[in-house]
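Engineer: According to the numbering used here, the residues represented by the sequence shown are 2 to 332, in order. I have a structure here, written as C-alpha cells, and I will follow up with some questions on it.
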Amino acid sequence: MKKYKTTLLAMGVTLLASLGTAKAQVFKAEEPLAHTYSIVARDPKTGEMAVGVQSHWFSVGTAVPWVEAGVGVVATQSFTNKSFGPRGLALLREGKTPEEALAILLADDEAREVRQVAILDAKGNVATHTGKQCIRYAGHISGKNFSVQANMMLTDKVWPAMAKAFERSEGQPLAERVLLAMQAAEREGGDIRGKQSAALVVKGQKSDQPWDDKTIDLRVDDHAAPLEELERLLKVYRAYEYMNAGDLAIEKGQMQKAMEAYGKAQAMFPDNLEMKYWHAIGLANNGQIEEAAKILREVYKKDPNWRELTTRLPEVGLLDVSRAQMEKLLK
Numbered sequence: 002m003k004k005y006k007t008t009l010l011a012m013g014v015t016l017l018a019s020l021g022t023a024k025a026q027v028f029k030a031e032e033p034l035a036h037t038y039s040i041v042a043r044d045p046k047t048g049e050m051a052v053g054v055q056s057h058w059f060s061v062g063t064a065v066p067w068v069e070a071g072v073g074v075v076a077t078q079s080f081t082n083k084s085f086g087p088r089g090l091a092l093l094r095e096g097k098t099p100e101e102a103l104a105i106l107l108a109d110d111e112a113r114e115v116r117q118v119a120i121l122d123a124k125g126n127v128a129t130h131t132g133k134q135c136i137r138y139a140g141h142i143s144g145k146n147f148s149v150q151a152n153m154m155l156t157d158k159v160w161p162a163m164a165k166a167f168e169r170s171e172g173q174p175l176a177e178r179v180l181l182a183m184q185a186a187e188r189e190g191g192d193i194r195g196k197q198s199a200a201l202v203v204k205g206q207k208s209d210q211p212w213d214d215k216t217i218d219l220r221v222d223d224h225a226a227p228l229e230e231l232e233r234l235l236k237v238y239r240a241y242e243y244m245n246a247g248d249l250a251i252e253k254g255q256m257q258k259a260m261e262a263y264g265k266a267q268a269m270f271p272d273n274l275e276m277k278y279w280h281a282i283g284l285a286n287n288g289q290i291e292e293a294a295k296i297l298r299e300v301y302k303k304d305p306n307w308r309e310l311t312t313r314l315p316e317v318g319l320l321d322v323s324r325a326q327m328e329k330l331l332k
C-alpha cells in the first residue's frame, strides 16, 4: 500500500508543477486521491437514483457518492472535492439544473482541471465534467438518465463499456444495472492501479415518511475483490428484503404470506441460520409442524441458542402452536 501512496504523491506533485505554484494550496489532505470509475443513474419507472463506484483507494464510498431522495445524485472524483457532493445537492434542491449546479461548483475551483464530477437530478438530467489534466485514460459518456465517468484507467475502453452495459440491462432493477456497469469496467481493465474498495448507494422517491424510504447503502472499504463482495452484499440485501416482508406479514397475521417470503430468502442463502429459522417458524404457524421441526433440528445442531429462542416466541404471539406441537418443534 505504501508504494501506491508514494506513487500517487509523486503524481500529485507533478500535477501541481504543471498547474503552477499559485495553485499548490488547492490540494488538501481532506481531498482524497479517488482516481476511479463511477456511474450515476436513474430509473424513470421507479424514480430511484443511484451512484456506483470502484477504486484502488481505501473507503471510496466515503468520498465519491452523494445521494438525496427526490433531489439528485453527485459523484465527485479524481482529485476529489468532497464539498461538491453536499453543495451540488443543495443547488439542485434550490431548483438549479445539473448544468447550472456544475458551472457554479467549478467557477471558483482553481483545481477544476484535475476534477471529475457527474451530477444527475430527479428528472434524469445529467451534467458531467472531466478536467483536461485528469490522469489518462480519462473520460465520460452521458446518456438518457445516466452518466459514466472514469480516470486513471488502464485503457480508454472502460467508460464506453460501462455505458453499453448499463443501456443493455434495461428492465432490471437499478442497483443490479449499476453493478453490471461496474463489472463491465473491470473486464476492460478498470483502474490501472488495481482495485480496493467499492460502494453502491440507491435511494427511492422522497416521501413524507423518510424512515420508510427505500435505501440501498452498501460499502466495501478494503477488499481484494471489491466488486465481487459488493455483488454478494447486494444479494444479501435482496434476501433480507424477503425477510422484512415476512416480518411485516407476521405483524399483520398473514402467516401464509410470511412463510412464502421467508422461504424465498432461505432459497437464496440456504446456509443462513436466521433465514432457515424464520422459514421454519413460518411453516409451524401454518400448521406444517413436521416440515418445521426438520428444519429446526438442523438449526439447533449448528447453534442450540435458537432452541431457547423458540421457547420465547409464544409469549409474544410469534408462534401459535399447541403444547404437543411445541414439543415436536423443540425435540
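Glycine included, C-beta positions come from ideal geometry on N, C-alpha and C. Computed from a predicted model, the values in this text were never measured in an experiment.
1. By DSSP's criteria, residue 37 is part of a beta bridge. Which residues make up the other side?
2. Could you check whether the segment 300-315 touches the segment 272-284, counting it as contact only if at least three pairs of C-beta atoms, one from each stretch, sit closer than 8 angstroms?
3. For residue 19, which residues of its own chain have a beta-carbon under 6 angstroms away from its beta-carbon, when the five flanking residues on both sides are left out?
4. Whose C-alpha, out of 56, 115, 52, 60, is nearest the C-alpha of residue 86?
5. Where does residue 85 fall in DSSP's three states?
6. I want to know whether the segment 53-60 touches the segment 173-184 - three or more CB-CB distances under 8 angstroms.
7. Could you please give me the residues that DSSP links to residue 119 through a beta bridge?
8. Around the Cβ of residue 299, are there at least 16 other Cβ atoms within 10 angstroms (buried) or fewer (exposed)?
9. For chain C, is any of its Cβ atoms less than 9 angstroms away from the one on residue 170?
10. By a C-beta neighbour count over all protein chains shown, 10 Å radius and 16 as the cutoff for buried, is residue 216 buried or exposed?
11. List the DSSP bridge partners of residue 285.
12. Who are the Cβ neighbours of residue 73 in its own chain at under 8 angstroms, not counting the five residues just before and after it?
13. Apart from the five residues on each side of it in sequence, which residues of its chain come closer than 8 angstroms, Cβ to Cβ, to residue 237?
14. According to DSSP, simplified to helix, strand and coil, what is residue 98?
15. Just mark residue 212 as buried or exposed, buried being the case when its beta carbon has 16 or more other beta carbons within 10 Å.
16. Just to confirm, are residue 154 and residue 186 a CB contact at a threshold of 9 angstroms?
17. Between which residues of its own chain and residue 189 is the CB-CB distance below 7 angstroms, once the five residues before and five after are set aside?
18. Pull up the distance between the alpha-carbon of residue 249 and that of residue 283, whole angstroms please.
19. Taking the C-alpha atoms as reference points, what is the distance between residue 285 and residue 294?
20. Rounded to a whole number of angstroms, what is the C-alpha to C-alpha distance between residue 268 and residue 240?
21. Reducing DSSP to helix, strand and coil, say where residue 19 ends up.
22. Taking 9 angstroms as the cut-off, decide whether the C-beta atoms of residue 144 and residue 166 are in contact.
23. Residue range of the alpha helix (DSSP H) that residue 248 falls in?
Structural biologist: The answer reads as follows:
1. Here residue 37 refers to the residue found at position 36 when the sequence shown is read from its first residue. Answer is 56.
2. Yes, they touch.
3. Residue numbering aside, residue 19 sits at position 18 when the sequence shown is read from its first letter. Only weak support exists for where residue 19 lies, its pLDDT of 43 falling under 50; the coordinates are left without a value.
4. Looking up residue 86 in the sequence shown gives position 85. Considering only alpha carbons, the answer is 52.
5. If you number the sequence shown from 1, residue 85 lands on position 84. In the three-state reduction of the DSSP assignment, residue 85 falls in the helix class, which pools H, G and I.
6. Touching, per the Cβ criterion.
7. Within the sequence shown, numbered from 1, the residue matching residue 119 stands at position 118. Per DSSP, 76, 129.
8. Sequence index remark: in the sequence shown, residue 299 carries index 298 (1-based). Classification for residue 299: exposed.
9. No chain C appears in the structure shown, which is made up of a single protein chain.
10. Taking the first residue of the sequence shown as position 1, residue 216 is located at position 215. Exposed, because fewer than 16 other Cβ atoms sit within 10 Å of the Cβ of residue 216.
11. Translated into positions along the sequence shown, residue 285 becomes position 284. The partner list for residue 285 (beta bridge, DSSP) is empty, contrary to what the question assumes.
12. For the purposes of this step, residue 73 is taken as residue 72 along the sequence shown, with counting starting at 1. Once the five neighbours on either side are set aside, the close Cβ partners of residue 73 are 50, 89, 90, 93, 99, 120, 121, 122, 123.
13. Translated into the one-based positions of the sequence shown, residue 237 becomes position 236. These residues qualify, in order along the chain: 270.
14. By 1-based counting over the sequence shown, the position of residue 98 is 97. Residue 98 falls in the coil class under three-state DSSP.
15. Within the sequence shown, the letter at position 211 stands for residue 212. Its Cβ having fewer than 16 others within 10 Å, residue 212 is exposed.
16. Locating residue 154 in the sequence shown gives position 153, where the first residue counts as 1. Locating residue 186 in the sequence shown gives position 185, where the first residue counts as 1. At the C-beta level, residue 154 and residue 186 come within 9 angstroms of one another.
17. Along the sequence shown, read from residue 1 onward, the residue named residue 189 stands at position 188. Scanning its chain for C-beta atoms nearer than 7 angstroms, with the 5 sequence neighbours on each side dropped, one finds around residue 189 the residues 156, 158, 159, 162, in chain order.
18. To locate residue 249, count along the sequence shown from 1; it is residue 248. To locate residue 283, count along the sequence shown from 1; it is residue 282. Their backbone Cα atoms lie some 12 angstroms apart in a straight line.
19. Numbered from 1 along the sequence shown, position 284 holds the residue referred to as residue 285. Numbered from 1 along the sequence shown, position 293 holds the residue referred to as residue 294. Residue 285 and residue 294: Cα-Cα distance of roughly 8 angstroms.
20. Here the question's residue 268 lines up with position 267 in the sequence shown. Here the question's residue 240 lines up with position 239 in the sequence shown. In this structure, the alpha-carbon of residue 268 lies about 9 angstroms from that of residue 240.
21. The residue you call residue 19 lines up with position 18 of the sequence shown. Since pLDDT at residue 19 reaches only 43, below the 50 mark, its modelled position is unreliable, and the value read off the structure follows with that caveat. It is helical.
22. Residue numbering aside, residue 144 sits at position 143 when the sequence shown is read from its first letter. Residue numbering aside, residue 166 sits at position 165 when the sequence shown is read from its first letter. Taking C-beta atoms as the reference points, residue 144 and residue 166 fail to come closer than 9 angstroms.
23. Along the sequence shown, read from residue 1 onward, the residue named residue 248 stands at position 247. Its alpha helix (DSSP H) spans residues 227-252.
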